Every structure is written in C-alpha cells, then in structure tokens.
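S.K.: This note's numbering numbers the first residue of the sequence shown as 2 and each following residue consecutively.
Sending over a structure as structure tokens; questions will come in a sec.
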Amino acid sequence: MGYLKVDQFRDSWIASSGIPTYEIDRVADYAARWGGLVLPPAPYYDGGPRVLSPDIPEGSPAEGWSFEAGPQRTALPYSFMIGPGGEFGIHGDRWVPLHATVEGWVESVALAYHASMWAKEIIRVTADEVEAIPFKDYEPIQEVAGMTDTWWRGADSLVAVYRGEAEHFAAPGYRTALVYTGLDRWGLHGG
C-alpha cells in the first residue's frame, strides 16, 4: 500500500481549499518521515492505523488544522489524526490527543509489543479499577509523550493506561489499563 504524494496535490489544495502552505508542508513532512510505515496492531483502539499515511488537512485558521494519520484497521467511530501541534490522537465527535507526538504513538506500540513478549502475566483492569493502581509507586515513561494515554514503569511491571476512548465518548467506564507483571531488567528497560 502506498501513501499520499503530497506534492501532486499541493496546488489544488491551495487553490480549492485555501489551506495555508505551511499546513501542506506539515503534511508533506509527515508523509516523508512516516508515510508507508506499517506498525503491528496496537493493543487498544482496535489496532490503530493500518499504515501511517496522511490526507488533506481539515480545520481552519481559528480552530487549527489537523490531518489523518492513517486509515483504521477496523470500522471505528473516529479517525486517527495529527493535531494542530503535532499531537497523535483520535477525532470523531471530538478531538482527543493521545500522545504529544507521532513518535510517542510509535514508542507506545513498540513498548506494548516488548512488554507483552517479556511479561509473565498481563492483567487488564477497567473503569474505576484503573484509578486504583498505585501510580505513586511508578515513574512515567517519557518516551511515549503521553497525554490522554500514558505508560508507567514500576519495580517489576509496566502499566499502559488508555483513557482516549473514555474521554472521546464521555464514558469513564471505557478507561482501560494493561498491567504487564513479572518483568526483569530487560523487560523493564530493553537494551
């Protein structure tokens, strides 16, 4: 599967949509860096985008511009988008930034695969049980650039917290955490 060649659409986007040149440059930069990258399915959001591939920017100068990060793997009531500040998130009825950067999303997917390979047990908790996790005993993992979704490292476990759908649908019961337990030094930190 290919990805959008932004330069072939640049002139028509400017002429027909009034999209600022700097926003088209942002889409072109994303396509050059990430376009065509196929990640393994994420453990949440029905796997995330099938391939990283941008599309025409949406928005306005007042609200900011965003563009599609890539098509969904499954039918979902939201799209994966890159926000006005470069955030990776979901957008349907409302915009919810999951990670401050695309790199954060990629790191979170990689970390999920690493943790699932090395954990002795994976425990799924939902709704209010998520808030019962003793986060004071964990340190945030900065590489995922978490906003709504976060990762935490404990003495022998990693915790992935997914709050994006809960916020998007205003449904606190959708909060989900995956606790990867029984990790050794390699499982906690990698190479």
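Glycine included, each C-beta is placed from N, C-alpha and C at the ideal position.
Just so it is clear, the structure is predicted and the values come from calculations on it, not from any experiment.
Per DSSP, which residues does GLY141 bridge with? Please list them.
M.R.: According to the sequence displayed, residue 141 carries Pro and not Gly. DSSP output for PRO141 lists TRP153 as bridge partner(s).
S.K.: So the candidates are PRO44, VAL97, TRP35; which of them puts its Cα closest to the Cα of GLY71?
M.R.: Among PRO44, VAL97, TRP35, the Cα nearest to that of GLY71 belongs to TRP35.
S.K.: Which value, in whole angstroms, describes the spacing of the CA atoms of PRO78 and ARG95?
M.R.: For PRO78 and ARG95, the distance between alpha carbons rounds to 11 Å.
S.K.: Taking the alpha carbon of LEU53 as the point to measure from, which residue in VAL28, VAL131, THR182, PRO135 has its own alpha carbon closest?
M.R.: With distances taken between Cα atoms, LEU53 lies closest to VAL28.
S.K.: Helix or strand or just coil, what does DSSP make of PRO98?
M.R.: Residue state, collapsed to three classes: strand.
S.K.: Note the first and the last residue of the continuous beta strand (DSSP E) segment covering VAL126.
M.R.: 122 to 127
S.K.: Under a three-way DSSP split, which group does MET2 fall into?
M.R.: Interpretation of MET2 is limited by its pLDDT of 44, a score under 50 that renders its predicted location unreliable; no figure is taken from the coordinates.
S.K.: Inspect the beta-carbon positions of LYS121 and THR182 and report whether they are closer than 8 Å.
M.R.: yes
S.K.: Taking 8 Å as the threshold (C-beta atoms), are TRP119 and GLY1 in contact?
M.R.: The shown model of the chain, from 2 to 192, leaves out residue 1, and the question about it has no answer.
S.K.: Which whole-angstrom value describes the C-beta separation of ASP150 and LEU99, a residue pair presumed to lie in contact below a C-beta threshold of 8 Å?
M.R.: Indeed they touch by this definition, with Cβ atoms about 5 Å apart.
S.K.: Going by DSSP in three states, TRP14 sits in which element: helix, strand or coil?
M.R.: Three-state result, TRP14: helix.
S.K.: Go ahead and label TYR23 buried or exposed: buried means 16 or more other beta carbons lie within 10 angstroms of its beta carbon, across all protein chains shown.
M.R.: exposed
S.K.: Pull up the distance between the alpha-carbon of PHE68 and that of LEU159, whole angstroms please.
M.R.: 31 Å
S.K.: Assign GLU132 to buried or exposed, taking buried as 16 or more other Cβ atoms, counted over all protein chains shown, within 10 Å of its Cβ.
M.R.: exposed
S.K.: Pull up the distance between the alpha-carbon of MET82 and that of GLY174, whole angstroms please.
M.R.: 24 Å
S.K.: If you check the beta carbons only, do ALA178 and ILE134 fall under 8 Å apart?
M.R.: yes
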